[in-house]
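Below is one structure, written out as structure tokens; the observations come after it.
Protein chains: 2
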Amino acid sequence: VVSPDWNVRSSPNGGYLLCLGLSALHQMLPHPDPFAISAHYPLRADVGPAYVRTELVRQGISLSTGVARIQQLRRTRVHVTATFGDLTQMQGPTAVQAELPELPPPDECVKADPELAGEFMRRFDLRLTPDSSAWARGRPTGIAEIAGWIRFADGRPPDVRSLPLFADAFPPTAFNVVDGIAWVPTLELTVHVRGRPADGWLRCRFRTRFLIDGYLEEDGELWDSTGRLVALSRQMARIQPR
Amino acid sequence: VVSPDWNVRSSPNGGYLLCLGLSALHQMLPHPDPFAISAHYPLRADVGPAYVRTELVRQGISLSTGVARIQQLRRTRVHVTATFGDLTQMQGPTAVQAELPELPPPDECVKADPELAGEFMRRFDLRLTPDSSAWARGRPTGIAEIAGWIRFADGRPPDVRSLPLFADAFPPTAFNVVDGIAWVPTLELTVHVRGRPADGWLRCRFRTRFLIDGYLEEDGELWDSTGRLVALSRQMARIQPR
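From first to last, the protein sequence lines stand for chains C and L.
Residue 660 in the working numbering sits at position 209 of the first sequence, and the numbers go up by one each step.
Residue 517 in the working numbering sits at position 66 of the second sequence, and the numbers go up by one each step.
Laid out in structure tokens, this is it:
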């Protein structure tokens, strides 16, 4: 059942829907961790009963791939393809050529107002940097970047399969650039999981470099409380004007 | 038939295989242009006969989504999901917050040696910046970046459906960072098409920021000869040591 608890306004959040597909794939595939997850969103989903139909694409020794379709009234609302592996079995060289995003501590950030995004935001403790929430005070920065801290409101620690949810939980970057947006629906969302998150806050940053004719990418970095990158995300979305 | 003409060493290139799936989807879907393309590579493909099995996920008014599986011996080698639309019908605001990559002109770059990558490289005229080809001269820069210019060797202009091919045609970024690599097979490749390319050179840059335990992302930008961004790509790959 697609729960109303994860609604953004009147529609289920896309990251939440993806996680329903991922849970089904986790039951089917022999490997524990999603490595690369691709979701397409052809049709709006509704709160209520749904089928998640899974299909094994390939079961290999170190990796396996499956498809999950979230269907309502026989129509696919979300199409998820994911390749699973075992994060504890990864082996090879490491070279990180990026800096941990420097953010003011959570207490100096702005707590997101659940009234703005409905039920969904009650599930999280989300703290946006002052610049990232400037649009909410009527003074958009003009820079398509949203950064801040996030954790579950009920104290549950983040786990690997919740990362796509966090990757789609922040306000759209476009809010700081374009006025008069009704919403920014996702066409496609890719998440690469790179590590199991430690307990505590996730430190996140989302950026858009190319808003072209109403379409944009949103690139996200999710870092755990020990300063390790745990996921990269990218979505393609389009601006729906009011 | 998977042609040997696009082999990198003894295996068909992943971007070429993706394009086979995309051509099949193009025949099935009513919209002309792939917007968001996700490919998973569960199993090595071989030269020779193959089935491309397509499935309509959803046909909408402005967008449609389909799946193509490239199968050999009844096993899926590449699983492609793509959402198509019409690039000429895009409408909305534009805000580009990125610079055109500054590269030396093609004549001051290093022509890629077809002997290094086999048949595949004969299909292209690929010019790497001196830094990007430093590894080939035994002096890797230590920076996981590869940039340069590319066009088809036979003079055919780039088109929308060839963009995934160009996105997977450059040497791996890891060559400039890690020694003793046998190959860097792709697990997953996402391409976002953002415009129809003009005739002429494509100007491309690929970067890796997070090589962690042998796994890495490769982020690509493809710009056309008029200085417009035409595609973003991201792949997850892993280093296979010699």
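Cβ coordinates follow ideal geometry from the N, Cα and C atoms, glycine included.
*If you measure beta-carbon to beta-carbon, which residues of the stretch 643 to 668 of chain L are closer than 9 Å to chain C?*
His643, Arg645, Gly646, Arg658, Thr659, Arg660, Phe661, Leu662, Ile663, Asp664, Gly665, Tyr666, Leu667, Glu668
*Mind listing, in chain order, the continuous beta strand (DSSP E) runs of no fewer than 3 residues lying wholly within the stretch 604 to 659 of chain C?*
632 to 634, 637 to 644, 653 to 658
*Determine which residues share a DSSP beta bridge with Asp576/C and list them.*
Arg602/C
*asked:* Against chain L, with Cβ distances strictly below 9 Å, would Gln523/C count as a contact?
replied: no
*Along chain L, which residues have their Cβ under 9 Å away from the Cβ of Val629/C?*
Gly543, Pro544, Ala546
_Interface flag, Thr641/C vs chain L, CB-CB below 9 Å_ = yes
*asked:* Applying the 10 Å Cβ sphere with the 16-neighbour rule, what's the burial state of Ile694/C?
replied: As displayed, chain C neither begins before 452 nor continues past 693, which places residue 694/C out of reach and without an answer.
_Other residues of its chain near Asp537/L: CB distance less than 8 Å, five sequence neighbours each side excluded_ = His482, Pro483, Asp484, Ser513
_Proximity test, Cβ basis, 9 Å: Ser489/L and chain C_ = yes
_Please tell me whether Arg602/C and Phe621/C are closer than 9 Å, where the distance is taken between their beta carbons._
no
*Going along the chain, which residues of its own chain have a beta-carbon closer than 7 Å to the beta-carbon of Ala633/C, five neighbours each way excluded?*
Gln691, Pro692, Arg693
*Report yes if the C-beta distance between Leu640/C and Tyr492/C is below 9 Å; otherwise report no.*
yes
*Which of the three DSSP states, helix, strand or coil, is assigned to Ala568/C?*
helix
*Ala519/L touches chain C at which residues, Cβ-Cβ below 8 Å?*
Those do not exist, as Ala519/L stays about 12 Å from chain C at its closest Cβ, beyond 8 Å.
*State whether the stretch 565 to 572 of chain L contacts the stretch 514 to 531 of chain L, with contact taken as three or more CB pairs (one from each stretch) at a distance under 8 Å.*
no
*In the DSSP assignment, find the unbroken alpha helix (DSSP H) run with Gln478/C in it and report its ends.*
465 to 479
*Can you tell me whether DSSP reads Ala501/C as helix, strand or coil?*
coil
*Sort Ile597/L, Ser461/L, Gly517/L, Arg495/L by Cα distance to Leu579/L and report the nearest one.*
Ile597/L
*the stretch 613 to 620 of chain L / the stretch 452 to 463 of chain C touching (three or more Cβ pairs under 8 Å)*: no
*asked:* Relative to the C-alpha of Leu551/C, which candidate in Ala682/C, Trp674/C, Arg689/C, Arg685/C has its C-alpha closest?
replied: Trp674/C
*Under a Cβ-count criterion, where at least 16 other Cβ atoms within 10 Å of its own Cβ denotes burial, should Glu451/C be classed as buried or exposed?*
Within the shown structure, residues of chain C are numbered from 452 to 693, placing residue 451/C beyond reach of any answer.
*Short-range partners of chain C found in the stretch 454 to 476 of chain L, where Cβ spacing is below 7 Å*: none
*For the beta strand (DSSP E) containing Glu672/C, list its first residue and its last residue.*
666 to 674
*Which same chain residues, not among the five before or five after Phe571/C, have their C-beta less than 7 Å away from its C-beta?*
Trp457, Asn458, Val459, Asn464
*At which residue ranges does the stretch 493 to 544 of chain L contain complete beta strand (DSSP E) runs of 3 or more residues, listed in the order of the chain?*
502 to 510, 515 to 523, 526 to 536
_CB contact check: Met479/L to chain C, cutoff 9 Å_ = no
_Let me check understanding here. Comparing Cα to Cα, which of Ser584/L, Gln522/L, Arg658/L, Ser676/L lies closest to Glu669/L?_
Arg658/L
*Check the Cβ-Cβ distances between Gly511/C and every residue of chain L, and say whether any is below 9 Å.*
yes
*State the DSSP-derived secondary structure class of Pro555/L, mapped to helix, strand or coil.*
coil
*For Pro544/C and Gln542/L, the rounded distance between their alpha carbons*: 44 Å
*Roughly how many angstroms lie between the CA atoms of Leu638/C and Asp630/L, to the nearest whole one?*
39 Å
_Contact set between Thr532/L and chain C, taken where Cβ atoms lie within less than 8 Å_ = Ser489, His491, His530, Thr532
*asked:* On the DSSP letters alone, give me the boundaries of the beta strand (DSSP E) that Val681/L sits inside.
replied: 680 to 689
_Residues in the same chain with beta-carbon distance under 6 Å from Ala519/L, minus the five sequence neighbours each way, listed in chain order, please._
Gly472, Ala475, Leu476, Val503, Thr505, Val531
*Of all the CB atoms in chain L, is at least one closer than 9 Å to the CB of Leu551/C?*
no
*asked:* Checking 9 Å against the spacing of the C-beta atoms, do Gly651/C and Ser676/C come in under that value?
replied: yes
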